[in-house]
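A.B. asks: Below is one structure. I have some questions about it.
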Amino acid sequence: MEILMSITVGVLFMVGTYLLLTKSLLRIVLGLILLSHGAHFLLLTMSGLQSGTPPLLNLNSEAYADPLPQALVLTALVISFGMTSFLLVLSYRTYKAFKTDDLEQLRGSADE
Amino acid sequence: MSALHWVILSPFLFALIIPFLFKYVSKIHTGWFVWLLPTALFIYFMNWLPVISSGQVVETTISWIPALGIDFTAYLDGLSMLFVLLITGIGSLVVLYSIFYLSKKERLGNFYVYLMLFMGAMLGVVLSDNLIVLYVFWEVTSMASALLISYWFHKDKSTKGAQKSMLITVAGGLAMLGGFILLYQMTGTFSIRTIIDNVDVVQASPLFVPAMLLILLGAFTKSAQFPFHIWLPDAMEAPTPVSAYLHSATMVKAGIYLVARMTPVFGGSNVWFWTLSIVGLVTLLWGSISAVRQKDLKGILAFSTVSQLGLIMSLLGVGSAALTVGADDPIYSQAILVAIFHLFNHATFKGALFMAVGIIDHETGTRDIRKLGGLMTVMPITFTVSLIGLASMAGLPPFNGFLSKEKFFSAMLNVRNFEAFDVGSLGFLFPLIAWIASIFTFLYSLIMFFHTFRGKFEPSNYERKVHEAPIGMLISPIILVVLVIVFGLFPNLLSYSIIEPAKQAILPTVLPEGEQFVVNIKIWHGVNTELLMTLGVVLIASFLFYLMHRWAKLAIYNRERDPFNWFYDNALTGLTSGSQWITRLQMTGLLRDYFAYIFTFMLLLVGYTFWRFDAFAIDTANTSVIEPFMWILIPLLIGAIVTIPFLNHRITAVIVVGVIGFLLALLLIVFRAPDLALTKLLVETVTLVIFMLAFYHLPEMRKEKFTPRLNVANLLISIGVGVMMTLVALSSAALGNEAGYESISDYFLENAKELAGGYNVVNVILVDFRGLDTLLEVLVLAVAALGIVTLIKLRLKGGEDV
Amino acid sequence: MKRHVRASNLMLHSITRVVTFVLLAFSIYLFFAGHNNPGGGFIGGLMTASALLLMYLGFDMKRIKKALPFNFTTMIAVGLLVALFTGVSSMLFGYPFLTQFFDYYDLPVLGTTELSTALPFDLGIYLVVVAIALTIILAIAEDDS
């Protein structure tokens with residue numbers, strides 16, 4: 008399972024990176040979403056996808072899944088939610104202000 | 012905190028209240044308040060003089076960063092004593108002088124703050140035993156100096172001069188810091204005392220010469236040694252009190268101080284002797300010749316200072332030979348004595364001369380020797396002061412300059428008899444260069460004297476009515492020339508009070524414990540080589556001056572600017588255009604390029620680490636079972652991910668991304684993370700809603716059009732990143748299993764119930780064990796939300812730019 | 161919130177009423193379950209936010225403003241302060257910042273119940289998450305013009 012997940016994580020990163028390198032704002036936001044998915048699953052996979060019960064102590068099981076990466080990923084999930092929404096709003100405000108979502112045309116500023 | 016620490020900090024503390032004094036007590040010239048501090052400090056240090064003269068030292072320490080060996084150790088010995096007396100004594104006179112020099116309309120608050128900043132830092136330099144503390148104070152003096160040079164910042168030349176002095180001295184300071192760190196590498200301490208005690212370790216180390224050269228670079232830039240001297244003449248744009256204080260009496264001598272302080276460490280080596288002697292003598296010669304070409308009185312004094320600093324530097328080089336012979340041999344160690352003596356004398360007569368020039372500038376409005384003339388009768392007191400100062404500078408009896416010049420000659424003549432350092436037949440060059448330089452010194456003294464005070468007084472050359480300066484302005488230079496005369500007639504006043512302890516500090520290992528150097532400075536030695544050399548100087552220089560109307564027409568005389576400025580100017584423009592070029596090269600303004608750099612470097616770094624540490628590993632044994640439905644779920648997921656770049660409809664793209672999110676949430680349930688799965692589901696839902704809302708405002712996506720080359724590059728980078736992350740995931744899982752560390756999670760699992768009373772360990776970690784992380788995390792969210800609200804609600808008015 | 165959703169959409173209204181109620185109830189359960197079962201401030205908060213979102217989808221803005229007279233931006237600050245004060249309160253008793261305590265009490269209706277300071281802390285988180293989600297979405301929605 009870990010090997011299969013590692014490959015999935017690789018694919019997530021690959022496509023995310025490719026989207027980041029494009030010129031359209033929306034694609035970049037989507038790319039970042041994929042990248043954060045990749046990062047979350049990378050964390051989980053690295054610690055080993057132990058079989059075992061969920062880390063709820065009232066299940067009284069012998070082996071629990073590792074709770075620490077889960078806690079980390081939970082934090083990361085919420086933060087990436089904030090980041091995604093911010094980027095989305097930033098990109099559409101940019102579009103509204105400059106009437107383009109093409110980064111090629113957005114380069115530079117009046118100060119230069 | 013001992014009294015000594017408070018003394019070092021007092022100017023800084025005083026600087027804090029100066030702006031208020033300037034603002035609220037505007038009736039009294041701020042200088043009067045400031046004047047109290049250096050005077051009080053001078054008296055304080057004078058009280059210590061008997062203690063230090065008897066060979067004792069004062070040392071107190073407060074810990075600053077003990078873990079790094081950085082302590083604020085104040086250390087007062089003979090050498091420091093010499094400098095603190097100069098700093099506070101001349102400081103007091105200069106502040107007194109400045110009260111009359113600068114009118115109340117100037118920005119006095121700034122001026123005195125900078126001056127106090129400088130004074131505190133300079134005291135710090137000469138009183139700290141710790142190299143890092145010394146370095147910090149050293150750079151503060153550079154800063155204060157630049158601020159003072161650019162005091163009249165509306166003048167272009169002032170800011171340029173400040174920039175030049177800053178660049179050169181700070182660059183040298185950085186080199187010096189490198190040298191200090193090398194010393195630390197060798198000895199494991201930043202304390203100068205301890206380094207001197209472990210001098211064997213330093214001398215045996217291969218880093219000995221690099222450390223020495225780096226430290227010398229710092230000293231040479233600060234003390235305006237050839238070829239770094241070019242900043243000092245430009246620094247003359249500063250108000251004259253500043254030139255008198257920083258750029259002749261104290262700051263430029265910080266380099267001399269450092270060399271003297273480091274002599275016990277590096278002295279006795281071949282490189283030290285030759286570097287110091289050659290650089291010193293070249294500076295001496297170059298400075299004195301350049302001074303002749305100047306038409307600005309302050310320019311003459313600036314180059315004269317350069318040459319005199321070279322003189323002291325070369326003496327320290329020659330005197331370092333004393334450390335090679337076991338016992339005290341006056342042939343070698345006399346040079347150190349002369350260096351100390353001349354350091355003192357130079358501060359007195361050059362200080363007086365700077366102040367006199369300041370008076371002339373103040374009263375006539377010009378410093379150009381081609382306009383000046385005949386001031387002897389108009390300004391009789393200034394004339395007398397200048398005459399004595401110039402005579403001392405030129406080396407005429409009975410003033411102190413004569414004594415140090417004679418001694419300088421004999422120290423240089425001694426070099427012919429050196430047995431150390433393979434001096435051999437080159438020894439005769441030392442006195443020869445010294446003699447030639449003295450001729451030029453005499454010559455520019457003559458020029459200054461005759462072109463300013465003799466000749467015809469032309470009132471039409473001046474914009475205002477010329478008269479003698481107010482008495483307050485004359486007090487300081489008069490005190491200094493009185494010192495010139497007193498120390499000229501009774502030089503032995505200084506012998507055992509200041510010179511001997513300072514010499515002890517520079518050459519601590521030469522004499523057995525408890526003995527003293529013999530210091531006896533006599534004014535009349537009978538007719539000897541030195542006296543004949545002085546006679547030669549007077550005759551030849553007078554002859555050259557007599558012929559001046561002939562060579563004054565030569566082009567070489569009329570080009571005042573130092574040719575070495577060419578290097579500086581070109582380096583500066585080269586640096587600016589070069590860095591602009593590099594910036595333009597990489598800062599394309601395209602997000603794509605920046606991402607490409609980041610990812611490429613990440614790939615290179617991680618790839619190198621993999622290769623270097625042979626870090627790739629794959630663990631097929633300890634993996635968990637792949638349930639059959641995974642063989643359907645995962646390919647589906649991968650297929651969905653890969654299609655995204657090919658989608659050109661925004662709705663489709665967003666829905667596919669949403670589907671991916673939900674599929675991943677499903678996976679989380681399989682991975683036994685119910686909290687995560689719930690959160691992910693909800694986050695995906697809310698994100699999807701936000702996406703749908705934002706659609707109103709976003710345009711349809713277009714097909715990406717890239718040149719084939721860019722396309723290939725993008726593909727390569729993204730495939731590289733994907734492969735790299737897969738490898739990282741595999742290797743870290745495998746290596747983590749291999750290392751078999753105990754997981755931190757075990758602690759959480761065991762204690763969640765007992766310590767936090769919760770069964771859901773993930774939640775307990777979030778709200779209890781790592782509560783602060785969670786608090787900060789929601790803070791991040793809050794900031795993001797406020798950012799969004801601001802982005803939407805805050806409408807900039809037309810033309811406004813963020 | 162979208163203006164073209166007509167207020168007379170009876171089907172949507174009726175379903176929204178029921179579902180929102182269920183969602184809200186469930187979210188509160190999730191919030192309280194957090195310490196011992198899956199759930200907690202984040203999840204409960206997000207669930208509440210989705211429930212309120214559904215309300216916004218089903219009814220028009222004016223009516224909801226009447227029903228929910230909150231300023232969500234202020235709510236962010238309130239939530240943060242609640243969490244912060246829980247943390248600071250442990251300092252009053254000489255414990256480090258954010259030390260949490262718990263004990264078991266016999267309460268009249270609920271029987272033996274665990275009360276812990278982690279709960280108000282989680283409440284702070286809950287408030288912040290609800291407020292943030294709604295702030296973001298409402299801000300975007302109001303930008304329609």
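Chains as they are written, first to last, in this note's numbering: chain A, 8 to 119; chain B, 12 to 813; chain C, 161 to 305. Note that CB positions come from ideal geometry on N, CA and C, so glycine has one too. All of these numbers come straight from a predicted model, not from anything done at the bench.
1. Please report the residue range of the beta strand (DSSP E) in which A/L63 lies.
2. Are the C-beta atoms of B/T375 and some chain A residue less than 8 Å apart?
3. Strictly by DSSP, which residues pair up with B/L87?
4. May I ask you to verify whether the stretch 273-283 of chain B touches the stretch 392-410 of chain B, counting CB pairs closer than 8 Å and requiring at least 3?
5. Could you compute how far the alpha carbon of B/T294 sits from the alpha carbon of B/T152?
6. So, using beta-carbon positions, are B/T737 and A/I40 closer together than 8 Å?
7. Just to confirm, is the Cβ distance from C/I285 to C/A243 under 8 Å?
8. Alpha carbon to alpha carbon, how far is B/T232 from B/I300? Give it in angstroms, no decimals.
9. Does DSSP put B/I532 in a helix, in a strand, or in coil?
10. Give the DSSP bridge partners of B/N141, in chain order.
11. Does any residue of chain B have a CB that is nearer than 8 Å to the CB of A/L64?
12. Would B/P391 and B/F420 be called neighbours here (beta carbons separated by less than 8 Å)?
13. Note down, in chain order, each residue of its chain lying with its Cβ closer than 6 Å to the Cβ of B/I551, except the 5 sequence neighbours on either side.
14. Between the stretch 667-685 of chain B and the stretch 88-104 of chain A, are three or more C-beta pairs nearer than 8 Å?
15. Does any residue of chain C bring its CB to less than 8 Å from the CB of B/V813?
16. Mapping DSSP to helix, strand and coil, what is B/I637?
17. Mind checking if C/I292 is an interface residue toward chain B, Cβ cutoff 8 Å exclusive?
18. Going by DSSP in three states, B/I323 sits in which element: helix, strand or coil?
19. Determine the extent of the alpha helix (DSSP H) in which B/E571 is found, giving its start and end residues.
20. What residue from B/F191, B/S202 and B/L500 has the CA that sits closest to B/L225's CA?
21. Less than 7 Å between C-beta atoms, sequence neighbours within five positions excluded: which residues of the same chain meet that for C/R163?
22. Here's the rule I'm using: 16 or more other beta-carbon atoms within 10 Å means buried, otherwise exposed. How should B/Q319 be labelled?
23. When DSSP labels each residue in this structure, what does C/F262 get in the three-state scheme?
24. Which residues of chain B have a Cβ atom closer than 8 Å to the Cβ of C/N169, listed in chain order?
25. So the alpha helix (DSSP H) B/E761 belongs to, where does it begin and stop?
26. What do you get for B/S109, buried or exposed, if any count of 16 or more other CB atoms within 10 angstroms of its CB means buried?
27. If the cut-off is 7 Å on Cβ atoms, which residues from the stretch 762-773 of chain B count as contacting chain A, listed in chain order?
28. Quick check: is the beta carbon of A/Q77 nearer than 8 Å to any beta carbon in chain B?
29. What residues of chain B sit near A/L27, judged by a beta carbon separation below 7 Å?
30. Please tell me whether, using a cut-off of 7 Å, the distance from the CB of B/T663 to the nearest non-hydrogen atom of the ligand FMN is below it.
31. With B/T452 as the anchor, note down where its alpha helix (DSSP H) starts and where it stops.
32. Here's the rule: buried if 16 or more other CB atoms are within 10 angstroms of the residue's CB, otherwise exposed. What is B/P580?
33. With H, G and I counted as helix, E and B as strand and the rest as coil, what does DSSP make of B/D340?
34. Can you grab the Cα-Cα spacing for the pair B/N633 / B/N748, in whole Å?
35. Find the nearest neighbour of B/L615 within the set B/L543, B/I671 and B/G731, judged by alpha-carbon distance.
36. Can you give the Cα-Cα distance for B/P719 and A/R34, rounded to whole angstroms?
C.D. replies: Taking the structure as given:
1. Run containing A/L63: none; DSSP gives neither H nor E here.
2. no
3. B/V69
4. no
5. 23 Å
6. no
7. yes
8. 20 Å
9. coil
10. B/S202
11. yes
12. no
13. I450
14. no
15. Legend: pLDDT at B/V813 = 47, less than 50; position of this residue unreliable, value from coordinates given subsequently. False, the Cβ-Cβ gap to chain C never drops below 8 Å.
16. coil
17. yes
18. helix
19. That residue, B/E571, is in no alpha helix (DSSP H); it is neither H nor E in DSSP.
20. B/F191
21. The pLDDT assigned to C/R163 is 49, lower than 50, so where the model puts this residue is not dependable; a value taken from the coordinates is nonetheless given after this. If we look at C/R163 and ignore the five residues flanking it on each side, it has no Cβ neighbours.
22. buried
23. strand
24. What C/N169 touches in chain B: nothing, since even the nearest Cβ is about 18 Å away.
25. S756 to N762
26. buried
27. A763, K764, Y770, N771, V772 and V773
28. yes
29. F606
30. As far as ligands go, the structure on display features none, and thus does not contain the ligand FMN.
31. L440 to F464
32. Going by the sequence as given, residue 580 of chain B is Asp instead of Pro. Exposed, because fewer than 16 other Cβ atoms sit within 10 Å of the Cβ of B/D580.
33. coil
34. 8 Å
35. B/G731
36. 20 Å
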